[in-house]
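Chains as they are written, first to last, in this note's numbering: chain A, 696 to 1035; chain B, 696 to 1035.
In structure tokens:
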């Protein structure tokens, strides 16, 4: 019932359902003028707030959910530690849901969470997600929502990310500075905005160094065996390649194995740099140069902003789009050494 | 009310509360004779089952919970993948809760879960857990419960573990076979049964090789800096040590860093073997010999058994104590090489 009323009001006033809902709840996020317009029309149309829905909002579950694609990647487990740090101080429980990079599961989980089981949701979108209706529906249901890392750009929801484009630019540039001439980019398949942002950084570095014609991308996936075959074939067919920039840690691990099999010495024959939050990357043979994402900070910041929404507090304009920079850690896998 | 009645029946009949509860629900796990004794006394005492509790059992949430100490360790993330594999086929959602090795959080989470939010719980106990009342209370509340990996031995709950003692024996023996004379054991502090099982395996190998007087244990904790200092001091004070068996991966990583700082060559000066489920252990310098636990299988098996309990199916006697063996993967960190 309430949703129908909200929809009617929203259409009539040319506002989003969520704005109407917030205006009726006197949220600080909505301007005074808008609130008055909404309330006036609600009164005129005899709008009755659904008492159940309000009680859901008041009767807090003291629980938030964080939805991530996987946890074998240290990035996400570090994000979750940051989430729990903030949640625990506020006396909240955290539910962790895994999509396993599956859009179907993501849809199921969001549907499950729309019924008031949690007070708010943080999500990093699966890489197979191609339609975004479930995210829109969730936002329209007016349950507090925050995106982190892998965002859906066309939805007006606060987002916490790192500077993927700049970090990818830095990584690629680092390879050139260490003497590489032909740098290949190993990307993960899927429809993620971070993939395209990272690729953009790679391409910008090529352009900066007037090497745009040298663009070489190998599209990989979640399957290690397939990736190794693909990378191996690629390196055998492109013997001039002397640098690899891996979009995710998994692909750096695959590359190390392939280089070992092909008896390519890292860093003498080929240099490798990767996005990676694996502490043990420093123990690799050779130690892996890595772009380390501020995972813990992303988790803390996303949760802090989610609680502001839950508590109907004003978000600062900057809090709608928080970008926390990554750091390039240079190790031996990209070091400049005389060729033997 | 129901719990009081159950308690009275249990005391009177000298049975556990959970047995009484199952007998009243006609569970297949309880023998016919016991069922009749329970039902007869229940009738005599005018026992009224709590209608709310039964409806909770029938009105399934289609959700199970898995409680783990942390997820930065690959072992637990692989267990969770196994859990989700089984749960998804059955149309169940999985809630993941982290205790961060904190008994207080573990108690809070179990209290939260006793209210019917989930149909069953799998738990790997935190290493700071010293009292087990919360686990007993949970079991007495008759919510299906399964232990995995880190179990509490004095509670009659199905448990799925690996052969920690045998695996630790194998790892220590492997070091001796590769030429080590003085093997130190790096243990994690805490009260876990797996710690004592692993230590038992280490000691048995020492005894087998008549080296019992050479027992050397370094007790470590979750703090990397402290561990490194401790291991460094230990190795400087015990220069005869030529082998390290690390109870957990984290301590192998700490050891690698210390050996690097002390300019001790692995495996020439000192050999290292560790429990580890890190795929990238093969890329370490040198590749790390590891006892790989059947994490994914443990997750699958634990979930399969949990569903049997939820569905009131008969457990095979072997399903009350499932032990899935670990494998020793030999790599260069323990290889026999002539000393330089």
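We put the beta carbon where it would ideally sit given N, CA and C, even for glycine.
Keep in mind that this is a model prediction, so the values were computed, not measured.
Straight-line Cα distance separating residue j from residue i
{"i": "residue 765/B", "j": "residue 932/A", "result": "43 angstroms"}
{"i": "residue 1024/A", "j": "residue 944/A", "result": "14 angstroms"}
{"i": "residue 921/B", "j": "residue 930/B", "result": "14 angstroms"}
{"i": "residue 850/B", "j": "residue 853/A", "result": "46 angstroms"}
{"i": "residue 756/A", "j": "residue 826/A", "result": "29 angstroms"}
{"i": "residue 700/B", "j": "residue 815/B", "result": "23 angstroms"}
{"i": "residue 996/B", "j": "residue 970/B", "result": "21 angstroms"}
{"i": "residue 999/B", "j": "residue 781/B", "result": "7 angstroms"}
{"i": "residue 725/B", "j": "residue 702/B", "result": "17 angstroms"}
{"i": "residue 1008/A", "j": "residue 986/A", "result": "34 angstroms"}
{"i": "residue 751/B", "j": "residue 789/A", "result": "Residue placement at residue 751/B is flagged as unreliable, the pLDDT there being 46, under the threshold of 50; the coordinate-derived value follows with that caveat. One C-alpha to the other measures close to 23 angstroms."}
{"i": "residue 893/A", "j": "residue 841/B", "result": "43 angstroms"}
{"i": "residue 733/A", "j": "residue 898/A", "result": "47 angstroms"}
{"i": "residue 834/B", "j": "residue 991/B", "result": "25 angstroms"}
{"i": "residue 873/B", "j": "residue 877/A", "result": "44 angstroms"}
Delimiting residues of the beta strand (DSSP E) encompassing residue i
{"i": "residue 914/A", "result": "911–915"}
{"i": "residue 1028/A", "result": "First-last for residue 1028/A: undefined, no H or E at that position."}
{"i": "residue 938/B", "result": "938–941"}
{"i": "residue 905/A", "result": "Run containing residue 905/A: none; DSSP gives neither H nor E here."}
{"i": "residue 843/A", "result": "840–843"}
{"i": "residue 791/A", "result": "788–793"}
is_contact[residue i, chain A] using C-beta, thresh 8 angstroms
{"i": "residue 987/B", "result": "no"}
{"i": "residue 779/B", "result": "yes"}
{"i": "residue 751/B", "result": "Unreliable placement is indicated for residue 751/B, whose pLDDT of 46 sits below 50; no coordinate value is reported for it."}
{"i": "residue 980/B", "result": "yes"}
{"i": "residue 805/B", "result": "no"}
{"i": "residue 973/B", "result": "yes"}
{"i": "residue 884/B", "result": "no"}
{"i": "residue 793/B", "result": "yes"}
{"i": "residue 936/B", "result": "no"}
{"i": "residue 775/B", "result": "yes"}
Residue i in three-state terms, based on DSSP
{"i": "residue 777/A", "result": "helix"}
{"i": "residue 854/A", "result": "strand"}
{"i": "residue 799/A", "result": "helix"}
{"i": "residue 970/A", "result": "strand"}
{"i": "residue 723/A", "result": "coil"}
{"i": "residue 880/B", "result": "strand"}
{"i": "residue 896/A", "result": "helix"}
{"i": "residue 708/B", "result": "helix"}
{"i": "residue 935/B", "result": "coil"}
{"i": "residue 984/B", "result": "strand"}
{"i": "residue 965/A", "result": "coil"}
{"i": "residue 758/A", "result": "strand"}
{"i": "residue 813/A", "result": "coil"}
{"i": "residue 715/A", "result": "helix"}
{"i": "residue 733/B", "result": "helix"}
{"i": "residue 804/A", "result": "helix"}
{"i": "residue 1023/A", "result": "strand"}
{"i": "residue 1016/A", "result": "strand"}
{"i": "residue 889/B", "result": "helix"}
Short CB-CB distance (under 8 angstroms) between residue i and chain B
{"i": "residue 724/A", "result": "no"}
{"i": "residue 951/A", "result": "yes"}
{"i": "residue 948/A", "result": "yes"}
{"i": "residue 767/A", "result": "yes"}
{"i": "residue 1028/A", "result": "no"}
{"i": "residue 926/A", "result": "no"}
{"i": "residue 829/A", "result": "no"}
{"i": "residue 772/A", "result": "yes"}
{"i": "residue 957/A", "result": "no"}
{"i": "residue 790/A", "result": "yes"}
Residue i: first and last residue of the uninterrupted alpha helix (DSSP H) it sits in
{"i": "residue 924/A", "result": "919–932"}
{"i": "residue 953/A", "result": "944–956"}
{"i": "residue 832/A", "result": "828–835"}
{"i": "residue 991/A", "result": "990–1005"}
{"i": "residue 864/A", "result": "859–872"}
Whole-number beta carbon distance between residue j and residue i, since they are thought to touch under 8 angstroms
{"i": "residue 885/B", "j": "residue 822/B", "result": "3 angstroms"}
{"i": "residue 712/A", "j": "residue 718/A", "result": "About 11 angstroms separates the two Cβ atoms, so there is no contact after all."}
{"i": "residue 956/A", "j": "residue 980/B", "result": "Between residue 980/B and residue 956/A the Cβ distance is about 17 angstroms, and since that is not below 8 angstroms, they are no contact."}
{"i": "residue 793/A", "j": "residue 763/A", "result": "6 angstroms"}
{"i": "residue 820/B", "j": "residue 847/B", "result": "6 angstroms"}
{"i": "residue 1021/A", "j": "residue 758/A", "result": "The pair is not a contact, with the Cβ atoms about 30 angstroms apart (cut-off 8 angstroms)."}
{"i": "residue 767/B", "j": "residue 772/A", "result": "5 angstroms"}
Distance cut-off 7 angstroms: residue i Cβ against heavy atoms of the ligand SAM
{"i": "residue 867/B", "result": "What this structure holds is no ligand at all, so the ligand SAM is not there to describe."}
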